[in-house]
Structure formats: C-alpha cells, structure tokens
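Residue numbers for the sequence shown follow the UniProt record's numbering, so the first one is 1 and each next one is one higher. For glycine and all other residues, C-beta sits at the position ideal for the given N, C-alpha and C. These notes are about the structure you will find just below.
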Amino acid sequence: MKNLTLNAEICKHQNCLEAFALKFTKNIEDANDLVQDTIIRAIRYHEMYKEGTNLRGWLYTIMRNTFINQYRKDARRGAVVETSADLSSYQLSNSATSNLGEGKFVMEDINRALAKLEPEHSLPFLKYFEGYKYNEIAEELNIPLGTVKTRIHIARQLLKAQLKEHSKRFRVAAGQN
C-alpha cells in the first residue's frame, strides 16, 4: 500500500479512535491528544504495517501502547521522593520565615528578567507557563509548532542565564552544591 493511501486510510478511522481514546482518558481533550499522537505514530511507522492485516487493530494497539507509555511517564514524574532526614519545627519555621522575604525579591528578579525578553520569546513562554500546550500556542499566535518550541527553549535559556545567581543560592540552601 502506498504511503498516501495508507495515510488516508488511517485518517478514515479517526472517529473510531476518538471513541476508543475516550474510554482510556475519560476526558475529551486528552482523548483528542491521544488520537493525534496515535495518528502521528502510525504515519511515522507506516512501514511496520503489514498490508492486508487489520488496520484498525493495528491503530488500536498503537493507541493502547501510547497511552500506557504516557501513563508510566506521568506516574514516574509524580512519584513522591522520601527523605530520611527529620526536620524539627524550628528548622521548618526558620526556613519558612526566611523564604517569605527572599521570595519577594526573587519574584521581582524573575519579573525583571521576563521584561527583558523580546515579546516573540516571552509571549509563547508565558502561554506555556500558564498551561497552554505547544499546539494551542502555535494556533493562537499563528506560528509554526517548531517555532513555538524554539522560542520557548530560547526564553528558558535566557531566563536561566539571567537568574543564575538564584539557582546557585537555592542549590546551596538545599545542600546540593
């Protein structure tokens, strides 16, 4: 089967994939993302599909594996790290009171660093920070997805360089040197 024909066949199964994805995610937006990831993977790995076999079954397998992999990734990211060090209430209150004053100065520095960024970098970065997904930012700003990713990356690097002093201070305070 030619690549374009297979791509068209894959897209014909989008409605079935959406219903299947909704069973996994229980959320329409997450289901749409899962369908999009599934279709992208299917098109990317089209050479692995054996012509004459069940295309829908192959797509369902890709979707299930994509969902499981994302679930595992999210579970690792959300894992709680336990420490064996016992903190006294004095240490906790001392840390909290010193953080209140420092936090205000840190936020002022962050806001100054953000103000120094060009709008082409700060706008996508702030949108991403607010929780927008890359594709939503690209659509809203009417720029390519790759450009959004690049601008956010550049903004992060510039902010990291400008806020390097704070990074060192927090590593020392956390005992990470």
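query, result
"Check Tyr60 in the structure and name its three-state DSSP category.", "helix"
"Leaving out five residues on either side along the sequence, give the residues of the same chain with a beta carbon under 7 Å from the beta carbon of Lys26.", "none"
"Apply the 10 Å Cβ neighbour rule to Leu4 and answer buried if 16 or more other Cβ atoms are within range, or exposed otherwise.", "exposed"
"Given that a residue counts as buried once 16 or more other Cβ atoms are within 10 Å of its Cβ, and exposed if not, what is His153?", "exposed"
"Between which two residues does the alpha helix (DSSP H) carrying Glu47 extend?", "No alpha helix (DSSP H) holds Glu47; DSSP gives it neither H nor E."
"Keeping to the same chain, check which residues put their C-beta closer than 6 Å to that of Trp58; ignore five residues upstream and five downstream.", "Tyr49"
"Would you call the stretch 112 to 119 and the stretch 65 to 77 touching, i.e. three or more CB-CB distances under 8 Å?", "no"
"For Ile39, which three-state DSSP category applies?", "helix"
"For Gln70 and Phe129, I'd like the C-alpha separation in whole angstroms.", "21 Å"
"Beta-carbon separation of Leu17 and Val35 under 9 Å?", "yes"
"Find the nearest neighbour of Asp37 within the set Thr66, Phe125 and Glu165, judged by alpha-carbon distance.", "Thr66"
"Within 8 Å, do at least three Cβ pairs link the stretch 143 to 152 to the stretch 119 to 128?", "yes"
"Check whether the Cβ of Asp37 lies closer than 8 Å to any heavy atom of the ligand PLP, and answer yes or no.", "Among the ligands in the structure shown, none appear at all, so the ligand PLP cannot be discussed."
"Of the residues Arg151, Asp30, Tyr132 and Glu136, which one's Cα is nearest the Cα of Glu120?", "Arg151"
"Hey, could you find the ends of the alpha helix (DSSP H) Ala13 is sitting in?", "Note that residue 13 is His in the sequence shown, not Ala. From DSSP, His13 is part of no alpha helix (DSSP H); its letter is neither H nor E."
"State the DSSP-derived secondary structure class of Gly52, mapped to helix, strand or coil.", "coil"
"Given this structure, state the Cα-to-Cα distance separating Leu55 from Ile10, to the nearest angstrom.", "8 Å"
"I think Tyr60 touches Phe20, with their Cβ atoms under 8 Å apart; what is that distance to the nearest whole Å?", "6 Å"
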